[in-house]
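Contents: one structure, followed by commentary.
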Amino acid sequence: MIELKNVSFSYYLPEKVDVIKNINLIVNKGEFLVIIGRNGSGKSTLGRLISFILEPTEGEVLIDKKPKTEIDYLDIRKKIGMVFQNPDNQIVSQIVEEDVAFGLENLNYSEEEIREKIDDVLNEVGLIEFRKFPPNFLSGGQKQKLAIAGILVMEPQYLVLDEPTSLLDPKGRKDVIELIKKLNKKGITIILITHRMEEAILGDRVLVLNDGEIFLEGNPEEVFTEVEKIRSVGLSPPVFTYLSYLIKKENFNIDIKLWKLEEIKKEILQLKSKI
Amino acid sequence: MEIRGNQERNIAVEVKDLKYTYSKGLPYEKEALVSVNMLVYEGEAIGILGHTGSGKSTLIQHLNGILMPESGEVKVFSEKINNDKKFLKNLRRIVGIVFQFPEDELFAETVYEDVSFGPKNLGLTKEEIDERVLTSLIEVGLNEGYLNRSPFSLSGGEKRRVAIASTLSMKPKILVLDEPTSGLDPLGREEILKLIKRLKNDKNVTIILVSHSMEDVLFLVDRVYILNKGKVVFGGDTVSIFKDKDSIEKFDLSIPEIFMLGEELKKEGFDIEEPFRDVEVAKKEIIRNLK
Numbered sequence: 079m080i081e082l083k084n085v086s087f088s089y090y091l092p093e094k095v096d097v098i099k100n101i102n103l104i105v106n107k108g109e110f111l112v113i114i115g116r117n118g119s120g121k122s123t124l125g126r127l128i129s130f131i132l133e134p135t136e137g138e139v140l141i142d143k144k145p146k147t148e149i150d151y152l153d154i155r156k157k158i159g160m161v162f163q164n165p166d167n168q169i170v171s172q173i174v175e176e177d178v179a180f181g182l183e184n185l186n187y188s189e190e191e192i193r194e195k196i197d198d199v200l201n202e203v204g205l206i207e208f209r210k211f212p213p214n215f216l217s218g219g220q221k222q223k224l225a226i227a228g229i230l231v232m233e234p235q236y237l238v239l240d241e242p243t244s245l246l247d248p249k250g251r252k253d254v255i256e257l258i259k260k261l262n263k264k265g266i267t268i269i270l271i272t273h274r275m276e277e278a279i280l281g282d283r284v285l286v287l288n289d290g291e292i293f294l295e296g297n298p299e300e301v302f303t304e305v306e307k308i309r310s311v312g313l314s315p316p317v318f319t320y321l322s323y324l325i326k327k328e329n330f331n332i333d334i335k336l337w338k339l340e341e342i343k344k345e346i347l348q349l350k351s352k353i
Numbered sequence: 282m283e284i285r286g287n288q289e290r291n292i293a294v295e296v297k298d299l300k301y302t303y304s305k306g307l308p309y310e311k312e313a314l315v316s317v318n319m320l321v322y323e324g325e326a327i328g329i330l331g332h333t334g335s336g337k338s339t340l341i342q343h344l345n346g347i348l349m350p351e352s353g354e355v356k357v358f359s360e361k362i363n364n365d366k367k368f369l370k371n372l373r374r375i376v377g378i379v380f381q382f383p384e385d386e387l388f389a390e391t392v393y394e395d396v397s398f399g400p401k402n403l404g405l406t407k408e409e410i411d412e413r414v415l416t417s418l419i420e421v422g423l424n425e426g427y428l429n430r431s432p433f434s435l436s437g438g439e440k441r442r443v444a445i446a447s448t449l450s451m452k453p454k455i456l457v458l459d460e461p462t463s464g465l466d467p468l469g470r471e472e473i474l475k476l477i478k479r480l481k482n483d484k485n486v487t488i489i490l491v492s493h494s495m496e497d498v499l500f501l502v503d504r505v506y507i508l509n510k511g512k513v514v515f516g517g518d519t520v521s522i523f524k525d526k527d528s529i530e531k532f533d534l535s536i537p538e539i540f541m542l543g544e545e546l547k548k549e550g551f552d553i554e555e556p557f558r559d560v561e562v563a564k565k566e567i568i569r570n571l572k
């Protein structure tokens, strides 16, 4: 469990800018938490606070009820991994398997252990056949999976991903999301920061951040049916939820919910049959 | 390959058998463009799609002479791009390129300085420069209140718009945009897309959009070219490509769900006049059928 207690974070530029304002949040083990919010709302900063990369200017962040001062920092780094938008910024080696090995090499593992762990992780992310390739032979999606592999090999309990798909093509996006879902099923806690609402609905819980504060919180259905609130903070619900909202506004009897294509099609056909 | 469009329109860009190899002659030379042919009419919006590494960026860098063809040719409004300094200077006024994450290129202390940087090199009067700066800011949805602000104090979406305004201040006839909405929040994205559409519709600016976002492509562009391994493997109008499930699968694209809904409703006998390019069109079409 990661717990944020009255956490604030400010930059000094040189005047004080409050990026995160008094946030209380519990991230439970095993959950899939999604953080959304407009550009500049503090999402990335919150992600970095959750992963202990930044330290709060006020309040504290606890992992398994302990503050940073009571745990070995290396231990925190092993427990919480972070993946960023651009995989090119995270890939450090000239060969795929060496890149995965990078984190392990400083941890006193034997060569056989390292070998075994790398193979396991490359199998997991589906890059085993590219193990001897230079990373620049990989596609965008494959590079992002390599960046994730480099984190997974440390066997983290928490994975914080900051817009991991925003630079990828549709196939790469789909592959990375499938991988994230799979890792969550295996018990890794996921904290996903995204601008893509079709990804946001995959979470157990969605947190809407606005101006450094938690603006809305709930499961995807609860959050995204608040269409007006969501749009008031620079976001937009998934396209069919928004469509049902627009149709309802024209005085048609349709529920605003997280519709799937087949469902909303049926619903519209039913509306048609009633006229 | 099928090239559609009105043959009587002016041709804005013509790319013929374009080939380009990075590090030519070195052991690690890489053929980025094998043979690219492309035609863009004045006032239309086209999309260039393809995987990372398919040659999209290399191609667009040929459109204002940042790269010169190894063989083949690129013509802009019938003039072949060449190395002549005067020609290039003029070319770069006609073809504006907004690269990916253009906000990273903001450099000045104020928005005014950033947006006026281009026009200042055109020998214009102070009044003309100021006028261009303000018009460009208004075009991207900002106002004079931004002139003296530091670009670094702005939000991501605002910075993106200032960067686009810097290109617009040169009054380009052809605007090339590489992933203009990536990393933006949904409303920021909507604003940028609407801005580009306005430029096309109201100012007859020719738009060349490079994007991974099928929603952006569907909303904005008339025709698409799909690049793969340095070659154009598909060209056709946007709506027909999204209707063609085989091509979509073959080129690893995805069909926006809103578009699919339109096709499904059509099959069910709905009278659909306009393909569902975005949620507004969908709403309009559905409601017309419900009345």
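Protein chains in written order, with our numbering: chain A, 79 to 353; chain B, 282 to 572. Glycine residues also receive a C-beta, built at the ideal position from the N, C-alpha and C atoms.
As the crow flies, the alpha-carbon of Lys259 of chain A is around 21 Å from that of Ile104 of chain A. A direct Cα-to-Cα measurement between Phe330 of chain A and Gly118 of chain A gives close to 36 Å. Counting only runs of at least 4 residues, the stretch 248 to 323 of chain A fully encloses the following alpha helix (DSSP H) elements, listed from N- to C-terminal order: 248 to 263, 275 to 278, 298 to 302 and 305 to 310.
Among the residues of chain A, those whose CB is under 7 Å from the CB of Lys564 of chain B are Leu321, Leu324 and Ile325, following chain order. If the five residues before and after Arg126 of chain A are omitted, its C-beta is found closer than 7 Å to the C-beta atoms of Leu132, all from its own chain and listed in chain order.
At a cut-off of 8 Å between beta-carbon atoms, Ser122 of chain A makes no contact with chain B.
For a Cβ distance threshold of 9 Å, residue set Glu496, Pro537, Glu538, Ile539, Leu542, Asp559, Val560 and Ala563 of chain B lies close to Val317 of chain A, ordered along the chain.
When C-alpha distances from Val139 of chain A are compared across A:Asn100, A:Ile114 and A:Val231, the shortest belongs to A:Asn100.
With the rule of 3 Cβ pairs closer than 8 Å, the stretch 299 to 312 of chain A does not count as touching the stretch 265 to 272 of chain A. Beta-bridge partners assigned by DSSP to Phe515 of chain B: B:Ile507. Within chain B, no C-beta atom comes less than 8 Å from the C-beta of Glu304 of chain A; the nearest is roughly 14 Å away.
Only those residues of the stretch 332 to 346 of chain A whose C-beta falls short of 8 Å from the nearest C-beta of chain B are listed: Leu339, Ile342, Lys343 and Ile346. The closest CA to that of Arg309 of chain A, considering only B:Val457, B:Asp466, B:Ser431 and B:Gly516, is found on B:Asp466.
Of all alpha-carbon atoms in B:Phe398, B:Glu561 and B:Val443, the one lying nearest the alpha-carbon of Thr319 of chain A is that of B:Glu561. Scanning its chain for C-beta atoms nearer than 7 Å, with the 5 sequence neighbours on each side dropped, one finds around Asp142 of chain A the residues Met79, in chain order. Against chain B, a Cβ distance below 9 Å from Asn288 of chain A picks out nothing, because the smallest value is about 11 Å. Positions of the beta strand (DSSP E) runs, each at least 3 residues long and wholly inside the stretch 462 to 548 of chain B, are given as 487 to 491, 504 to 509 and 512 to 518 in order along the chain. Remark: C-beta atoms of Ala313 of chain B and Tyr303 of chain B approach each other more closely than 8 Å. Sixteen is the threshold: when 16 or more other Cβ atoms of the shown chains lie within 10 Å of the Cβ of Arg558 of chain B, as they do, the residue is buried. Interface flag for Glu207 of chain A against chain B is unset, since no Cβ pair is found closer than 8 Å. For Glu354 of chain B, the enclosing beta strand (DSSP E) begins and ends at Ser352 to Val357.
Taking a Cβ-Cβ threshold of 8 Å, none of the residues of chain A is close to Ile477 of chain B; the smallest such distance is about 18 Å. Your pair Ile173 of chain A and Lys221 of chain A does not check out as a contact, with CB atoms roughly 13 Å apart and the cut at 8 Å.
A contact is defined here as three or more CB-CB pairs under 8 Å, and the stretch 155 to 175 of chain A meets this definition with respect to the stretch 236 to 248 of chain A. Close partners of His332 of chain B in chain A (Cβ separation under 7 Å): Ser217 and Asp247. Residue environment: Glu360 of chain B is assigned as exposed (fewer than 16 neighbouring CB atoms within 10 Å of its CB, all protein chains considered). At a cut-off of 8 Å, the C-beta of Ser314 of chain A has a neighbouring C-beta in chain B. Scanning the stretch 129 to 177 of chain A from its first residue to its last, the whole beta strand (DSSP E) runs of 3-plus residues come out as 136 to 141 and 158 to 161. With distances taken between CA atoms, Ile522 of chain B lies nearest to B:Glu544 out of B:Asn291, B:Arg442 and B:Glu544. Taking 8 Å as the CB threshold, Ile341 of chain B stays off the interface with chain A. Counted as a single uninterrupted DSSP element, the beta strand (DSSP E) harbouring Glu81 of chain A occupies residues Ile80 to Tyr90. The criterion of a C-beta distance shorter than 8 Å is not satisfied by Val505 of chain B and Val457 of chain B. The beta carbon of Arg126 of chain A sits no closer than 8 Å to any beta carbon of chain B. Contacts with chain B at 8 Å (Cβ-Cβ) do not include Lys146 of chain A. Here the stretch 422 to 433 of chain B lies against the stretch 373 to 392 of chain B, with 3 or more beta-carbon pairs under 8 Å apart. Interface residue (Cβ-Cβ distance to chain A less than 8 Å): Pro383 of chain B is not classified as such.
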